[in-house]
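So the structure is just underneath, and the comments pick up after that.
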Amino acid sequence: LVQDPWALLPTIRHAGGVFLGEWSSEALGDYAIGPSHIMPTGGTARFASPVNVWDFMKITSVFAAGRATAESVGEAAAVLAGAEGLTFHRDAILRRQGTSSE
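Set out below in structure tokens:
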């Protein structure tokens with residue numbers, strides 16, 4: 447236990463859950479007051495969160511690029527697609543810009 451746990455909170459970078467204060471035991475968080483009993487273990491809190499409702503939600507990303515955006519990043523995107531061997535992706539970008547890979 448530390449004297450002022452709230453002062454340490456901003457210094458914690460990777461944790462599935464932080465139990466602050468002498469009355470906030472992990473067991474109390476797991477079974478009564480916490481959002482999830484399933485926490486990342488083995489150092490995986492560096493890149494993973496506790497199981498939560500978002501893990502059961504399906505999302506769809508929507509993209510809409512205007513001509514100016516497509517022209518400003520298109521060449522770089524085409525180079526990356528080509529480097530990955532995705533020639534049809536590369537060609538889709540280049541043809542929209544009126545150029546060709548041939």
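When we follow my numbering, the leftmost residue of the sequence shown carries the number 447, and every step to the right adds one.
By construction, the Cβ of each residue, glycine as well, lies at the ideal position given by its N, Cα and C atoms.
Residue burial is scored here from C-beta neighbours: L454 has fewer than 16 other C-beta atoms within 10 angstroms and is therefore classed as exposed. Between A510 and I539, the C-beta gap is not smaller than 9 angstroms, which leaves the two residues out of contact.
Looking at the backbone, the Cα of T457 and that of T545 are separated by about 51 angstroms. A distance below 6 angstroms between beta-carbons, with the five flanking residues on each side excluded, links L447 to the following residues of its chain, in chain order: E468. Taken through DSSP and simplified to helix, strand or coil, I505 comes out as coil. The beta carbon of I484 sits closer than 8 angstroms to those of P496, V497, all from its chain and outside the five residues before and after it, given in chain order.
G463 is not a Cβ neighbour of T487, given a cutoff of 9 angstroms.
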